[in-house]
């Protein structure tokens, strides 16, 4: 409620009194067009009881939900009472909370020690476990060939009904090459952010079966079986990075790590890593089987 400086009754006590804001600063004078200066009347009538004039209290903290860079707010609101602070906030992946505090409320309510404490939700550990397990290459192919509904901004113009319609798109594999090159999407771009994706993709070194991803599988099952023979790795970020490669020697079946001018032998288990960027597979040929690793 607004009150004059001399009364804290929650009512407008004088047409010439000055209204005070919750912070104690005086607002503009309020006068009645029919009241005489200094009259004790309430907006022109001394017989009418005082009418409360209520306004919302000043916000204690202003909350904005933004992206990870503090830009493009997807929602914002003000917390004016401690009860409103208990309202749940829904966050999406990589959303951040930005809080603009009232200075006085910050001094009274903000605890620096408690602000440093964290209580991770169980879902955080579940997500970490899933990241540790990694996504399979087979699952990536299923997502790549899945039907995708186009959004409202990507409507398709139908030449028959002469109108824009929501449509779907889908990639399909009709045939397979002798050498299969799989480019993993490690870099994410959007209108406001760029990021490097370091998720672990579990891919087979031998026996990649592509038959379930073809529209019409061929008659010979071996035509869909592939074996890995090289991997290009990327370390770093969008700003800069370093490339290395794993390659299998076709004569002795051993794997080697190529790092600039340095070449060293490595275990086949180390080939599968979160740095894998481009995978090179060769269709299995029963006439020329892979060499067994030499001791």
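Numbering (the numbering used here), first residue to last: 23 to 317.
Where a beta carbon is used, it is the ideal one built from N, C-alpha and C, also for glycine.
Distance from the CA atom of residue 142 to the CA atom of residue 132, rounded to whole angstroms, is 20 Å.
Annotation for residue 163: 235 place their beta carbon closer than 6 Å to its own, counting only its chain and skipping 5 residues before and after. Taking 8 Å as the cut-off, the Cβ atoms of residue 228 and residue 206 do not count as close.
Between the segment 114–128 and the segment 158–172 there are fewer than three C-beta pairs closer than 8 Å, too few to call the two in contact. Between residue 282 and residue 157, the alpha-carbon positions lie close to 29 Å from each other. Burial check for residue 128: the Cβ neighbour count within 10 Å stays below 16, so the residue is exposed.
Within its own chain, the residues whose Cβ lies closer than 8 Å to the Cβ of residue 193, once the five positions on either side in sequence are excluded, are 166, 167, listed in chain order. For residue 177, no alpha helix (DSSP H) run applies, since DSSP gives it neither H nor E. Collapsing the DSSP output to three states places residue 118 in a strand. Three or more pairs of CB atoms, one per stretch, sit closer than 8 Å, so the segment 285–300 contacts the segment 219–227. In the structure shown, residue 269 falls within a strand segment according to DSSP collapsed to helix, strand and coil. The continuous stretches of alpha helix (DSSP H) do not include residue 287, which lies in the beta strand (DSSP E) extending over residues 284–288. Here residue 224 is bridged, per DSSP, to 158. The DSSP-derived three-state label of residue 207 is coil. Counting only the Cα atoms, residue 191 lies some 39 Å from residue 280. Between residue 307 and the set 258, 246, 118, the nearest pair of CA atoms involves 246. In the three-state reduction of the DSSP assignment, residue 168 falls in the coil class. Measuring C-alpha to C-alpha distances from residue 289 to each of 301, 305, 270 identifies 270 as the nearest. In the DSSP assignment, residue 281 is bridged to 284.
CA-CA distance, residue 196 to residue 101, rounds to 57 Å. The beta carbons of residue 274 and residue 265 sit no closer together than 8 Å. If you draw a straight line from the Cα of residue 176 to the Cα of residue 304, it is about 37 Å long.
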